[in-house]
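If you read the sequence shown in my numbering, its first letter stands for residue 238, the second for the next number, and so on. Have a look at the structure below, then the notes.
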Amino acid sequence: MSTTSPSARVENLWDRDRAHSLRDDLDRLVYASNLLGSDPRVTNFGGGNTSVKTQERDPLTDHEVEVLWVKGSGGDLGSATRANFASLYQDKVLALEERVRATGLHEDDVVELYRYCTFGLNPTACSIDTPLHAFVPFKAVSHMHSDAVIALAAAENAREAMEAIYGSKMGFLPWKRPGFDLGLALRDLIRAQPGIQGALMESHGFICWADDWETCYALTLEFINRAVEALEAQRGSDHPFGDLVLPRRRSDTRAAWLSLLPELRGKVTFQGARLIAHVDESDAVLDFLSRSKMPALARLGTSCPDHFLRTKIRPLVLDPENLDLDGALGRFREEYAAYYERCKRPDSPAMRNPNPSVVLIPGLGMVSFGKNPQEAEVTGRFYLNAIAVMEGAETLSRYVALPEQEAFDIEYWLLEEAKLRRMPAEKSFSRRVAVITGAAQGIGLATAKTLAAQGACVVLLDINEARLSGAVEEVQGVAGSPRAAIGVPCDVTDTTSLSEAFEAAVLRYGGVDIAVVNAGNARRGTVADTTDADYEFLSDLLMRGYFQTMRAASQLMIRQGIGGSIVVVASKNGVAVGSNAAIYSAAKSFELHLMRCAAVDHAPHGIRCNAINPDAVLQGSAIWSDQWREETAKLLGIHPDELQDHYKNRTLLKRTVSPEDCAAAIAWLAGDSASRTTGATIPVDAGVREGFLR
Ligand SMILES: [Zn+2]
Numbered sequence: 238m239s240t241t242s243p244s245a246r247v248e249n250l251w252d253r254d255r256a257h258s259l260r261d262d263l264d265r266l267v268y269a270s271n272l273l274g275s276d277p278r279v280t281n282f283g284g285g286n287t288s289v290k291t292q293e294r295d296p297l298t299d300h301e302v303e304v305l306w307v308k309g310s311g312g313d314l315g316s317a318t319r320a321n322f323a324s325l326y327q328d329k330v331l332a333l334e335e336r337v338r339a340t341g342l343h344e345d346d347v348v349e350l351y352r353y354c355t356f357g358l359n360p361t362a363c364s365i366d367t368p369l370h371a372f373v374p375f376k377a378v379s380h381m382h383s384d385a386v387i388a389l390a391a392a393e394n395a396r397e398a399m400e401a402i403y404g405s406k407m408g409f410l411p412w413k414r415p416g417f418d419l420g421l422a423l424r425d426l427i428r429a430q431p432g433i434q435g436a437l438m439e440s441h442g443f444i445c446w447a448d449d450w451e452t453c454y455a456l457t458l459e460f461i462n463r464a465v466e467a468l469e470a471q472r473g474s475d476h477p478f479g480d481l482v483l484p485r486r487r488s489d490t491r492a493a494w495l496s497l498l499p500e501l502r503g504k505v506t507f508q509g510a511r512l513i514a515h516v517d518e519s520d521a522v523l524d525f526l527s528r529s530k531m532p533a534l535a536r537l538g539t540s541c542p543d544h545f546l547r548t549k550i551r552p553l554v555l556d557p558e559n560l561d562l563d564g565a566l567g568r569f570r571e572e573y574a575a576y577y578e579r580c581k582r583p584d585s586p587a588m589r590n591p592n593p594s595v596v597l598i599p600g601l602g603m604v605s606f607g608k609n610p611q612e613a614e615v616t617g618r619f620y621l622n623a624i625a626v627m628e629g630a631e632t633l634s635r636y637v638a639l640p641e642q643e644a645f646d647i648e649y650w651l652l653e654e655a656k657l658r659r660m661p662a663e664k665s666f667s668r669r670v671a672v673i674t675g676a677a678q679g680i681g682l683a684t685a686k687t688l689a690a691q692g693a694c695v696v697l698l699d700i701n702e703a704r705l706s707g708a709v710e711e712v713q714g715v716a717g718s719p720r721a722a723i724g725v726p727c728d729v730t731d732t733t734s735l736s737e738a739f740e741a742a743v744l745r746y747g748g749v750d751i752a753v754v755n756a757g758n759a760r761r762g763t764v765a766d767t768t769d770a771d772y773e774f775l776s777d778l779l780m781r782g783y784f785q786t787m788r789a790a791s792q793l794m795i796r797q798g799i800g801g802s803i804v805v806v807a808s809k810n811g812v813a814v815g816s817n818a819a820i821y822s823a824a825k826s827f828e829l830h831l832m833r834c835a836a837v838d839h840a841p842h843g844i845r846c847n848a849i850n851p852d853a854v855l856q857g858s859a860i861w862s863d864q865w866r867e868e869t870a871k872l873l874g875i876h877p878d879e880l881q882d883h884y885k886n887r888t889l890l891k892r893t894v895s896p897e898d899c900a901a902a903i904a905w906l907a908g909d910s911a912s913r914t915t916g917a918t919i920p921v922d923a924g925v926r927e928g929f930l931r
């Protein structure tokens with residue numbers, strides 16, 4: 238991950254020809270927004286907003302009206318399109334001031350009225366920052382959360398530093414949380430100082446304006462670059478974070494992460510809501526963590542409201558020499574609860590997860606948590622922003638965090654709470670990590686896709702490396718995110734290979750909640766004619782492999798301490814023996830019994846173990862390779878092409894069983910719908926009387 242060091246000048250990338258060739262001012266706004274939002278030095282992910290005011294023909298009256306196009310609520314400027322901008326009648330937004338004055342309406346309640354200002358049936362909801370744009374009497378407006386400028390805005394001497402750097406070009410807007418009143422305050426500032434081209438927003442960021450977007454874009458970069466240069470010029474020989482007092486990187490980081498992450502992930506789970514972890518070992522993090530001022534600065538917490546909504550008011554710093562997780566988390570939770578009690582208002586929402594969302598471990602790095610890998614990564618990135626801001630502010634003078642009550646009022650803002658409530662319901666496997674063996678094809682791949690489509694992070698294991706990469710891409714495609722799946726080449730008969738695969742899951746997502754034990758194959762043979770080699774092959778794969786996978790999964794789940802679900806893919810043959818498949822059938826019976834043993838032994842840890850018994854799943858199966866297919870057809874006295882029909886007609890329901898049918902049963906057993914089911918086996922065979930369980 239790139240760091241957002243404030244000491245890097247931003248180049249002007251405006252292409253005048255391209256901008257001129259664009260259709261209209263809204264397209265030029267999108268173009269400028271994409272340029273600005275794609276550079277982490279300009280604004281943080283999802284942060285900042287832009288607008289343009291245009292003349293449009295009102296569809297109702299056919300009169301020309303002024304329309305404000307402003308970035309919609311949520312969403313990222315870097316990837317914004319026309320559809321991400323809300324459109325409002327400018328005069329109606331301005332008229333809200335009179336309404337507020339006449340009725341004494343609270344500024345939070347004004348937000349509901351923005352919808353009535355919508356121009357052109359645009360369904361995009363406007364941002365809480367809309368008044369900042371509406372009350373600036375210029376066409377193009379840019380509000381950015383640049384680390385370098387926030388560093389000024391969060392410095393003890395913010396106003397003096399601003400005047401020294403920008404002279405009369407910039408005005409100072411004292412801290413006020415985003416909303417209607419902040420827009421009016423900005424309007425008044427511009428009236429009082431008509432020459433300014435921008436305003437520094439204390440503890441927050443900056444805003445600037447111009448008559449067109451080419452100028453506004455250049456001005457945005459100028460404000461950022463002047464801050465970058467000023468910080469650069471201020472940098473003396475002393476590091477703003479103090480001396481190096483701890484080793485930057487420990488020698489055994491991999492082992493340390495592996496021992497820490499599962500337990501930490503288990504302990505930050507709140508009311509059953511698991512979290513996905515993201516690890517950051519970048520130089521910016523490690524350097525901050527090894528310096529003398531780190532403990533004091535980390536306690537101050539982050540500043541920009543956008544940052545700490547995700548990072549929480551402050552991170553947890555763990556002592557690498559004494560990883561007393563229970564003690565450290567206990568103190569953190571107590572402090573958080575005390576903060577909630579001190580600051581809560583009569584109508585505040587109930588206390589949310591009191592655990593940290595950012596954990597810092599000197600010598601190791603940072604781990605951040607979120608409900609999915611993207612959220613976890615963004616939370617970590619926001620703390621990187623905070624580090625850059627603190628570094629800049631400490632270079633200028635001293636970093637000042639937001640007052641506690643202000644921080645609380647934003648964290649527990651009713652508008653934010655309403656936004657959370659409006660978010661679509663989480664998918665059923667959101668926050669879960671599933672490891673699947675034999676995942677590159679057949680039942681394994683179908684299961685990976687089913688779970689990923691329902692929000693799971695999936696770790697695909699397979700011995701077939703060539704197939705594996707394609708399978709991972711398919712699963713990522715189904716999930717709509719490259720972060721949703723990883724592939725690890727793995728031989729389940731090899732303990733080292735298997736441990737490394739589970740370790741990869743821990744390092745990438747923080748732990749494991751679901752294990753689907755599926756990697757298998759088959760060989761024909763009676764007891765009399767099975768060779769030693771075939772016996773070894775089958776017992777290695779179907780007995781040792783299943784045992785080792787279940788052992789690795791359950792050990793990890795026990796360490797996490799938040800339960801888990803293991804699903805064994807057995808076979809109808811485990812119950813009703815198949816002819817001429819002695820070792821295969823016996824091994825499948827072993828798997829079923831091993832599953833029941835694990836169900837009994839691991840129930841106290843909340844780990845459920847269940848199985849499915851598929852039959853004759855030919856499609857995409859490694860078992861139904863040419864040899865087994867030919868031999869089976871010969872045994873039945875039919876042509877190999879007739880096999881599928883033969884099996885279909887053998888079933889009670891006269892239906893073919895697909896990998897997706899098996900995946901559906903596995904997903905049910907793996908998920909919360911089966912929370913009261915353990916030690917069970919579900920046949921997925923379209924009805925085979927001999928395979929009935931009793
Ligand atoms: Zn902002």
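A virtual CB, placed ideally from N, CA and C, is assigned to each residue, including glycine.
Is there at least one non-hydrogen atom of ligand 1 closer than 7 Å to the beta-carbon of residue i?
i    : result
D254 : no
H382 : yes
P415 : yes
W313 : Per the sequence shown, the amino acid found at residue 313 is Asp instead of Trp. Every heavy atom of ligand 1 is 7 Å or more from the Cβ of D313, so no.
D646 : no
G285 : yes
G442 : yes
D366 : yes
T517 : A small fix is needed here, since residue 517 is Asp in this sequence, not Thr. The answer is no for D517.
D852 : no
D418 : no
D543 : yes
Per DSSP, residue i is paired with what?
i    : result
G305 : Per the sequence presented here, residue 305 reads as Leu, with Gly not at that position. Paired residues: K290, L325.
R845 : S802
Y576 : The partner list for Y576 (beta bridge, DSSP) is empty, contrary to what the question assumes.
R528 : L481
S605 : H515, V595
V670 : C694
V267 : V267 is not bridged to any residue.
Residue i: which of the options sits nearest, CA to CA?
i    : options                : result
G602 : N590, A722, P591, L553 : L553
I849 : A317, Q508, L906, H380 : L906
A789 : S736, M588, R833, V754 : S736
D728 : T539, Y783, L456, W446 : Y783
G815 : G503, E828, R761       : R761
G268 : T763, L389, Y351, E451 : Residue identity differs from the one stated: residue 268 is Tyr in this sequence, not Gly. When only C-alpha atoms are compared, the closest one is E451.
F774 : D731, A693, L526       : D731
K406 : R414, V805, K413, G435 : G435
A923 : Q797, N886, E740       : N886
S594 : S527, R502, A575, W251 : R502
Between residue i and residue j, what straight-line distance do the alpha-carbon atoms span, to the nearest angstrom?
i    : j    : result
D475 : K530 : 12 Å
S239 : L621 : Residue placement at S239 cannot be trusted, given a pLDDT of 37 that sits under 50; the coordinates are not used to answer.
K891 : L855 : 15 Å
N462 : M660 : 37 Å
D563 : V743 : 20 Å
I723 : E663 : 21 Å
I680 : L889 : 22 Å
R319 : F356 : 14 Å
M588 : F645 : 11 Å
S496 : E518 : 16 Å
I875 : A853 : 15 Å
V289 : G315 : 17 Å
T763 : Y821 : 10 Å
V482 : P532 : 11 Å
The beta strand (DSSP E) that contains residue i, what's its start and end?
i    : result
H515 : 513-517
W446 : 442-447
D937 : What is shown of the chain runs 238 to 931, which leaves residue 937 out entirely.
D699 : 694-699
Over what stretch of residues does the alpha helix (DSSP H) that includes residue i continue unbroken?
i    : result
H380 : Run containing H380: none in the alpha helix (DSSP H); it sits in the beta strand (DSSP E), 377-381.
T490 : 490-505
G714 : 702-716
G617 : 610-633
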